[in-house]
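Here the protein sequences line up with chains A and B, keeping their order.
When the count follows numbering that gives the first Met the number 0, it moves up by one through the first sequence with no breaks and lands on 361 for the last residue.
When the count follows numbering that gives the first Met the number 0, it moves up by one through the second sequence with no breaks and lands on 361 for the last residue.
Glycine included, C-beta positions come from ideal geometry on N, C-alpha and C.
2 protein chains.
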Amino acid sequence: MQKTIDPWGSGLVEDYVKLIKDFGLEEFDKAGFPDPNRLMRRHVVFSGRDLGLISMCIKEKKPYYVLSGIMPSAERLHFGNKMVIEQVKYFQEHNAKTYVLVADLEAASTRGITLEEAQKRAKEFHIPAWIALGLNPKKTIFYFQSQNKDVMHLAYKFAKKITLNEFRAIYGQADPSRIFAALTQAGDILYPQLEERMPGIIPVGVDQDPHLRLTRDIVSRSKSEKFFAPSSIYHKFTPSLNGAIKMSKSSPDSCIELPEDLASVKKKIMRAFTGGRATLEEHRRLGAEVEKCMVFELLKQHLVEDDKELDKIYHEYKSGKMTSGEIKQLCYEKMEKFLNNFVKNIEKARKEVDKLRFVKFG
Amino acid sequence: MQKTIDPWGSGLVEDYVKLIKDFGLEEFDKAGFPDPNRLMRRHVVFSGRDLGLISMCIKEKKPYYVLSGIMPSAERLHFGNKMVIEQVKYFQEHNAKTYVLVADLEAASTRGITLEEAQKRAKEFHIPAWIALGLNPKKTIFYFQSQNKDVMHLAYKFAKKITLNEFRAIYGQADPSRIFAALTQAGDILYPQLEERMPGIIPVGVDQDPHLRLTRDIVSRSKSEKFFAPSSIYHKFTPSLNGAIKMSKSSPDSCIELPEDLASVKKKIMRAFTGGRATLEEHRRLGAEVEKCMVFELLKQHLVEDDKELDKIYHEYKSGKMTSGEIKQLCYEKMEKFLNNFVKNIEKARKEVDKLRFVKFG
Numbered sequence: 000m001q002k003t004i005d006p007w008g009s010g011l012v013e014d015y016v017k018l019i020k021d022f023g024l025e026e027f028d029k030a031g032f033p034d035p036n037r038l039m040r041r042h043v044v045f046s047g048r049d050l051g052l053i054s055m056c057i058k059e060k061k062p063y064y065v066l067s068g069i070m071p072s073a074e075r076l077h078f079g080n081k082m083v084i085e086q087v088k089y090f091q092e093h094n095a096k097t098y099v100l101v102a103d104l105e106a107a108s109t110r111g112i113t114l115e116e117a118q119k120r121a122k123e124f125h126i127p128a129w130i131a132l133g134l135n136p137k138k139t140i141f142y143f144q145s146q147n148k149d150v151m152h153l154a155y156k157f158a159k160k161i162t163l164n165e166f167r168a169i170y171g172q173a174d175p176s177r178i179f180a181a182l183t184q185a186g187d188i189l190y191p192q193l194e195e196r197m198p199g200i201i202p203v204g205v206d207q208d209p210h211l212r213l214t215r216d217i218v219s220r221s222k223s224e225k226f227f228a229p230s231s232i233y234h235k236f237t238p239s240l241n242g243a244i245k246m247s248k249s250s251p252d253s254c255i256e257l258p259e260d261l262a263s264v265k266k267k268i269m270r271a272f273t274g275g276r277a278t279l280e281e282h283r284r285l286g287a288e289v290e291k292c293m294v295f296e297l298l299k300q301h302l303v304e305d306d307k308e309l310d311k312i313y314h315e316y317k318s319g320k321m322t323s324g325e326i327k328q329l330c331y332e333k334m335e336k337f338l339n340n341f342v343k344n345i346e347k348a349r350k351e352v353d354k355l356r357f358v359k360f361g
Numbered sequence: 000m001q002k003t004i005d006p007w008g009s010g011l012v013e014d015y016v017k018l019i020k021d022f023g024l025e026e027f028d029k030a031g032f033p034d035p036n037r038l039m040r041r042h043v044v045f046s047g048r049d050l051g052l053i054s055m056c057i058k059e060k061k062p063y064y065v066l067s068g069i070m071p072s073a074e075r076l077h078f079g080n081k082m083v084i085e086q087v088k089y090f091q092e093h094n095a096k097t098y099v100l101v102a103d104l105e106a107a108s109t110r111g112i113t114l115e116e117a118q119k120r121a122k123e124f125h126i127p128a129w130i131a132l133g134l135n136p137k138k139t140i141f142y143f144q145s146q147n148k149d150v151m152h153l154a155y156k157f158a159k160k161i162t163l164n165e166f167r168a169i170y171g172q173a174d175p176s177r178i179f180a181a182l183t184q185a186g187d188i189l190y191p192q193l194e195e196r197m198p199g200i201i202p203v204g205v206d207q208d209p210h211l212r213l214t215r216d217i218v219s220r221s222k223s224e225k226f227f228a229p230s231s232i233y234h235k236f237t238p239s240l241n242g243a244i245k246m247s248k249s250s251p252d253s254c255i256e257l258p259e260d261l262a263s264v265k266k267k268i269m270r271a272f273t274g275g276r277a278t279l280e281e282h283r284r285l286g287a288e289v290e291k292c293m294v295f296e297l298l299k300q301h302l303v304e305d306d307k308e309l310d311k312i313y314h315e316y317k318s319g320k321m322t323s324g325e326i327k328q329l330c331y332e333k334m335e336k337f338l339n340n341f342v343k344n345i346e347k348a349r350k351e352v353d354k355l356r357f358v359k360f361g
């Protein structure tokens, strides 16, 4: 039986190396990418598909695109979204034509909000938040799924390219609403190539790989359109503060939202699973188990930009010189600064939203 | 196991009475409908769903709509289309707001033609042909499926209202492309109610009942939108000239197309299955088996408007006074006149197409 990853569920992925093997992913090699960002340098970005094609486009300055989507039903962002945005930013800064779509159709279907409400939330919160996290709005093409007839036409057309059993093999299930959502997403992924045929890259959490497999299968069966199969680049999950592999809203204590009020953030960090030992004496003698420490992971993945600074924290903690209380305090201080900045930048970005380049459809 | 009718296939329906019973249809009672048309008077229209609601709208002059669709991939029409158009015409003349959509998305998906080609064919042939067969274009709202975002949004939304197993129970299968086509069709059927909530009627061949069952199920699960469940009105198939229950393009000799060249039509009628006896002597003595005669069926369903004239033919043939050769000749003469008229009227209608009221979508 073929294994499946469920991009909609909260299934845990226990072994990234195994994932690479089971799903035929490539290992990410930062050597292919000039000026790798924090996530690339620190093995948070760990695999992908057809990465060489994008690496070539960057190095030879050939046209390519990066695409990502906003799910506007969510009330807030989380650190997984932050990673996606940072990846989009990386490619945007390396000459990718940048598309960000608002999945208002999917939000309306899965969350029961109206399209208008979904669009309003995207404009009032999500798009400003993306800008606050580094997206350059002047170099980004935005669109609403529900207004992009080409995307809906592609979805309808692609339905002919896949059987129910193939769909089930990829997703583990095949409800009509899942079929609509997945094929519309395939339409989104390939839509930029209707304007200009070129390679494209989709940065996502590895749990989204099924959408890429579906889209790549569709491309291989759409000989007449001659789409480039989309490349993808995968990051690991932001680990849950309680030590689970993925932050999850269904377990709120495990997860810091963006934004979230500071008292609540402080409480969560202070309760987080660390690499500390049972007693202070033992901690000083043996040093922390840094690899198990969720607080260090947060610092590494999100809060410390400078490699040398991170290295110093690592060694002080590893050697037992820094205690778990101290690393939590450090983490909270950095988080406080980051969140305050984020909220301030959202406010600023909100004022620019009406000036953005939304695609107009005839 | 639940029975299914396959609206895409050519499965034969052997017993209309059984159909009514198995699928819980209503028997059509012409008493509810003022000035019943030829198809209604002659039991060609035989059943439907929620007919009383429409009958009431007609009698009390309440708003309601009639909707039908054009499949523009077809090169020509056939007599089944002609019946649908005559039914649409009946309701149009009885105050129904009239919608005719061009299923360009479905045509592109199932026939592999482009949307542009589908739209071109609709404008150059199908819409003029519908007008030639009696549709009043000035009182009709036309739209292309691919340009109607509301319809595509409804389809996406409706996907949430039906499970894969329910879909399979209705259609006997559940390929992704079928799911898209069926849910888009449900979107078409209910779209007029986004503009004005009111009852609506869909005249179709009984093989299309699954689409109505699907749409009615969706309505019953969409409490918040408060759609009226669509009514439907079903006609029998135009029988095949070789005696099969349904004219079918896969058996070209059984089927007269609209238009078709007269030499070919003549050949087909002359070869048709009649109610004639083995010898002329026997025919004169026993009379024709009118109920088995496909030529009489054509006259009854399509070519003789006047009930008295049809009655006369019936009795002359039944009594053996009219031979099978004679009824074939009569049928051909009427067909020739009808086809010549049809071609002439298409030419005339073609000139009006650019003036029609196509819905513009923002």
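Could you run through the segment 62-74 of chain B and flag, in chain order, every residue whose CB is less than 9 Å away from some CB of chain A?
none
Note down the Cα distance separating A:Glu-74 from A:Val-101, rounded to an integer number of angstroms.
14 Å
Given A:Leu-114, which residues of its chain have a CB within under 6 Å of its CB, disregarding the five upstream and five downstream residues?
Asp-103, Ala-107, Ser-145
Own chain, CB closer than 6 Å to B:Arg-167, minus 5 neighbours either side, in chain order:
Ala-173
Exposure of A:His-314, with buried meaning 16 or more beta-carbon neighbours within 10 Å:
exposed
Which of helix, strand or coil does DSSP assign to A:Gln-1?
Caution applies to A:Gln-1, whose pLDDT of 42 falls short of 50 and renders its modelled position unreliable; the value that the coordinates give is listed next. Looking at A:Gln-1 - three-state DSSP - the assignment turns out to be coil, as it is neither helix nor strand.
Thinking just about the alpha-carbon of each residue, which of A:Glu-304, A:Met-70, A:Asp-14, A:Leu-52 is nearest to the one in A:Tyr-64?
A:Leu-52
Spatial neighbours of B:Tyr-233 within its chain, please: CB distance less than 6 Å, with the 5 preceding and 5 following residues excluded, ordered by chain position.
Ser-46, Gly-47, Val-205
Provide the residue span of the alpha helix (DSSP H) that contains B:Arg-276, from first to last.
No alpha helix (DSSP H) contains B:Arg-276, which DSSP labels as neither H nor E.
By the 10 Å Cβ neighbour count, where 16 or more other Cβ atoms means buried, how is B:Thr-278 classified, buried or exposed?
exposed
For B:Thr-183, which of helix, strand or coil comes out of DSSP?
helix
Mapping the DSSP letters down to three states, classify B:Lys-96 as helix, strand or coil.
strand
Taking any Cβ of chain A, which residues in the segment 167-181 of chain B have a Cβ under 7 Å from it, in chain order?
Ala-173, Asp-174, Pro-175, Ser-176, Ile-178, Phe-179
Which residues in chain B sit within 9 Å of A:Ala-107, going by Cβ to Cβ distance?
His-152, Tyr-155, Lys-156
Does the structure place the segment 263-275 of chain A close enough to the segment 315-324 of chain A that three or more beta carbon pairs sit under 8 Å?
yes
Could you give the distance in angstroms between the alpha-carbon of A:Lys-20 and the alpha-carbon of A:Gln-207?
16 Å
Is it the case that the segment 217-230 of chain B contacts the segment 179-199 of chain B, given that we only count it when at least three CB pairs across the two stretches are under 8 Å?
yes
Between the beta-carbon of B:Leu-163 and the beta-carbon of B:Ala-185, is there less than 8 Å?
no
Roughly how many whole angstroms lie between the Cα atoms of B:Val-99 and A:Pro-127?
43 Å
Closer than 7 Å by beta-carbon distance: list the chain B residues that pair up with A:Ile-312, in chain order.
Going along chain B, no residue has its Cβ under 7 Å from A:Ile-312, so there is no contact; the nearest lies around 47 Å.
For B:Lys-96, I'd like the list of residues in its chain whose CB is within less than 6 Å of its CB, leaving aside the five on either flank, ordered along the chain.
Tyr-64
Please list, in chain order, the chain A residues whose beta carbon lies closer than 8 Å to that of B:Lys-148.
Ser-145, Gln-146, Lys-148, Met-151
Best match in B:Val-87, B:His-77, B:Gln-91 for proximity to B:Lys-60 [C-alpha to C-alpha]:
B:Gln-91
For chain B, check one thing: does any of its Cβ atoms lie closer than 8 Å to the Cβ of A:Thr-162?
yes
What whole-angstrom Cβ distance do A:Ala-271 and A:Lys-327 have, given they're in contact under 8 Å?
7 Å
Distance cutoff 8 Å, beta carbons only. Does A:Leu-114 sit that close to anything in chain B?
yes
If the cut-off is 7 Å on Cβ atoms, which residues from the segment 343-360 of chain A count as contacting chain B, listed in chain order?
none
If we cut at 8 Å on Cβ distances, does B:Leu-11 have a partner in chain A?
Low per-residue confidence applies at B:Leu-11: pLDDT is 38, beneath 50, and the placement is therefore not dependable, though the value from the model is reported in the following sentence. Not an interface residue.
Between the C-alpha atoms of A:Lys-267 and A:Pro-238, what's the straight-line distance to the nearest angstrom?
13 Å
Assign B:Ile-161 to one of three DSSP states: helix, strand, or coil.
coil
Buried or exposed: which applies to A:Glu-296, given that a residue is buried once 16 or more other Cβ atoms fall within 10 Å of its Cβ?
buried
Secondary structure of A:His-42, DSSP reduced to three states
coil
Would you kindly report the start and end of the unbroken alpha helix (DSSP H) that includes A:Asp-319?
For the sequence presented, residue 319 of chain A should be read as Gly rather than Asp. Looking at the DSSP string, A:Gly-319 is not in any alpha helix (DSSP H), and its letter there is neither H nor E.
Sort B:Gly-319, B:Glu-25, B:Val-44 by Cα distance to B:Leu-50 and report the nearest one.
B:Glu-25
Evaluate A:Asp-14 with the Cβ neighbour count: other Cβ atoms within 10 Å of its Cβ, from every protein chain shown; 16 or more gives buried, anything less gives exposed.
exposed
Three-state secondary structure (DSSP) at B:Leu-285?
helix
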